[in-house]
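Visitor:
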Amino acid sequence: MRRSVILLFGLLVWSGQVLASLPDFASIVEDTSPAVVKIIAEVKPVQPDSSEGLEDLEQLEQIPDYLRRFFQYRNPPMPRGGGTGSGFFISSDGYVVTNHHVVDGADVVIVRMSDRREFDAAVIGSDERSDLALLKVDGDDFPFLELGSSKDLRVGEWVLAIGSPFGLDYSVTAGIVSAKGRSLPTDRGENYVPFLQTDVAINPGNSGGPLFNLEGEVVGVNSQIFTRSGGSIGLSFSIPSLVVKNVIDQLMARGSVVRGWLGVTIQNVDRTLAQSFGLDRPKGALVAQVGDDSPAEEAGIEPGDIIVKVADSDIEVSADLPHVVGLIAPDTKVEMVVIRDGEPTRLRVRIGSLGADQPMRLSTVAPEPGRLETLGMTVEAADEAVLDRAGLRGGVLVTDVDANSVAADAGIVPGDVITMFGRRAISSLSDMEDVLGTVEPGDSIRLRVSRQGNFSFLGLVIPDDQ
Numbered sequence: 049m050r051r052s053v054i055l056l057f058g059l060l061v062w063s064g065q066v067l068a069s070l071p072d073f074a075s076i077v078e079d080t081s082p083a084v085v086k087i088i089a090e091v092k093p094v095q096p097d098s099s100e101g102l103e104d105l106e107q108l109e110q111i112p113d114y115l116r117r118f119f120q121y122r123n124p125p126m127p128r129g130g131g132t133g134s135g136f137f138i139s140s141d142g143y144v145v146t147n148h149h150v151v152d153g154a155d156v157v158i159v160r161m162s163d164r165r166e167f168d169a170a171v172i173g174s175d176e177r178s179d180l181a182l183l184k185v186d187g188d189d190f191p192f193l194e195l196g197s198s199k200d201l202r203v204g205e206w207v208l209a210i211g212s213p214f215g216l217d218y219s220v221t222a223g224i225v226s227a228k229g230r231s232l233p234t235d236r237g238e239n240y241v242p243f244l245q246t247d248v249a250i251n252p253g254n255s256g257g258p259l260f261n262l263e264g265e266v267v268g269v270n271s272q273i274f275t276r277s278g279g280s281i282g283l284s285f286s287i288p289s290l291v292v293k294n295v296i297d298q299l300m301a302r303g304s305v306v307r308g309w310l311g312v313t314i315q316n317v318d319r320t321l322a323q324s325f326g327l328d329r330p331k332g333a334l335v336a337q338v339g340d341d342s343p344a345e346e347a348g349i350e351p352g353d354i355i356v357k358v359a360d361s362d363i364e365v366s367a368d369l370p371h372v373v374g375l376i377a378p379d380t381k382v383e384m385v386v387i388r389d390g391e392p393t394r395l396r397v398r399i400g401s402l403g404a405d406q407p408m409r410l411s412t413v414a415p416e417p418g419r420l421e422t423l424g425m426t427v428e429a430a431d432e433a434v435l436d437r438a439g440l441r442g443g444v445l446v447t448d449v450d451a452n453s454v455a456a457d458a459g460i461v462p463g464d465v466i467t468m469f470g471r472r473a474i475s476s477l478s479d480m481e482d483v484l485g486t487v488e489p490g491d492s493i494r495l496r497v498s499r500q501g502n503f504s505f506l507g508l509v510i511p512d513d514q
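In this note's numbering, each residue carries its 1-based index in the sequence shown increased by 48.
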């Protein structure tokens, strides 16, 4: 009996400790939910011409009365859509944050509070690249939320979301931070948001709503999910508050957003490329191309440089670079560390504006005739038309690749234009032959290729029978 009492007492103590360590979600919801709103985006219906298909009104009047209504109303007004989302007040004077995609194309935007009050909202500004929008409603003394620090958020921390999924207003869901700095390129290939990944249940209608830490601070704005069913499967993504603050401050000040711009085409460094560049492991953003008259060119950045640090931020993978540079105000001077010829090099760069990007065009030179078969590929001098289309001043064209060769293993395909081989720029076949004369079996060689106007580096290992 005594043993049972002791075990029961121990169990109660243990359960009490567990309960004490769990987060108090209820208090967070009570304190923050009045500032969370539902966004109703309305699109006015299209009113078609009721006499469409008739030459003029006289023809319509000649139709008997009992038939005329079939022509007058055969094309009734059709709704163009609309939808709902979530948002939250960030100031007592009526500024509201939501997603760009929630209000994009809306004719009327309505903000509904949890006490059922509704307000017409004006769109102050909207930024497609970050999927953020800033609204304003008339009034004052609104409850509002504070933006916390997403930078201090740790993977594994509890987070909480409030929103209106599937029209179920002010629903609360909770989970943990699964990862930070997730890259989700847009349809245009842009990648300026280091998303927070969580397992919080986010569904259609949650978009634009807040993601809270356990202090009740907003650390993210819920934006999108990964799903095969249309509903949550535990992969949701939020815009971190660091980006939210940067974008919203600009929208409030000028109604638009300007981002930092470097003017380079970059790629990841894989194991083979890391060996060819003399790195102990894959890291950094490999510069494949530098734009003419870009901040990168002015700073002395070269193709083949590996950017490993910008200001105080380490660049571990290529996707980190636009995340960091995009948040730097244009015209700011920062220090950058690049790996060049296996050694770290420090450069000073003045960050430009994203809008300054211009199409890159390079002058061309006359090609050298001939053909070369090496490493399982056939290359020949690229004619002027090929170089001009790619905006190149030189290079050799890959015309054929053996499927069972190191060239194929490296990812080289017919149509690629090789512009760098090893550490040497290639403008002719003789340039490539010179480099081939210096390599040894087992060497890791990097190639820079132009493919359909895009530049990238590929790593290739010289075979023993070369």
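Ideal placement from N, C-alpha and C gives every residue a C-beta, glycine not left out.
For a test of the three-state rule: what should DSSP assign to D362, helix, strand or coil?
Guide: When secondary structure is reduced to three states using DSSP, D362 falls in the strand class.
Visitor: Assign R307 to one of two classes, buried (16 or more other C-beta atoms within 10 Å of its C-beta) or exposed (fewer than that).
Guide: buried
Visitor: CA-CA distance, R202 and L375?
Guide: 21 Å
Visitor: Quick check on A181: does DSSP put it in helix, strand or coil?
Guide: strand
Visitor: Apart from the five residues just before and just after V483, which ones in its own chain have a Cβ nearer than 7 Å to its Cβ?
Guide: F469, G470 and R472
Visitor: For R160 and D168, I'd like the C-alpha separation in whole angstroms.
Guide: 9 Å
Visitor: Measuring alpha carbon to alpha carbon, tell me which residue in F214, G187, F73 and D72 is nearest G133.
Guide: F214
Visitor: Put D368 into one of helix, strand or coil per three-state DSSP.
Guide: helix
Visitor: Helix, strand or coil for K228 per DSSP?
Guide: strand
Visitor: Check each candidate in G253, N270, S498 and M480 and name the one with the smallest Cα separation from G287.
Guide: It is worth fixing the name first, because residue 287 is Ile in this sequence and not Gly. That would be N270, whose Cα lies nearest to the Cα of I287.
Visitor: For R496, does the three-state DSSP call read helix, strand or coil?
Guide: strand
Visitor: Under DSSP, the beta strand (DSSP E) around G346 begins and ends at which residues?
Guide: The question names Gly, but residue 346 is Glu in the sequence shown. Segment P343 to A347 is the alpha helix (DSSP H) holding E346; no beta strand (DSSP E) there.
Visitor: Give the DSSP bridge partners of A222, in chain order.
Guide: Residue pairing from DSSP places A222 in a beta bridge opposite L208.
Visitor: For the ligand MG, I want to know if I387 counts as a neighbour, meaning its beta carbon is within less than 7 Å of at least one of the ligand's heavy atoms.
Guide: Within the structure as shown, the ligand MG is missing, as the structure has no ligands at all.
Visitor: Whose C-alpha, out of R494, Q500, V266 and E432, is nearest the C-alpha of S476?
Guide: E432
Visitor: Looking only at DSSP bridge pairs, what is S271 linked to?
Guide: Answer is none; S271 lacks a bridge partner.
Visitor: Which residue marks the beginning of the alpha helix (DSSP H) containing F521, and which one marks its end?
Guide: As shown, the chain starts at 49 and ends at 514. That puts residue 521 outside it, with no answer to give.
Visitor: If you follow the alpha helix (DSSP H) that F167 is in, where does it begin and where does it stop?
Guide: Careful: F167 lies outside any alpha helix (DSSP H), inside the beta strand (DSSP E) at E166 to D175.
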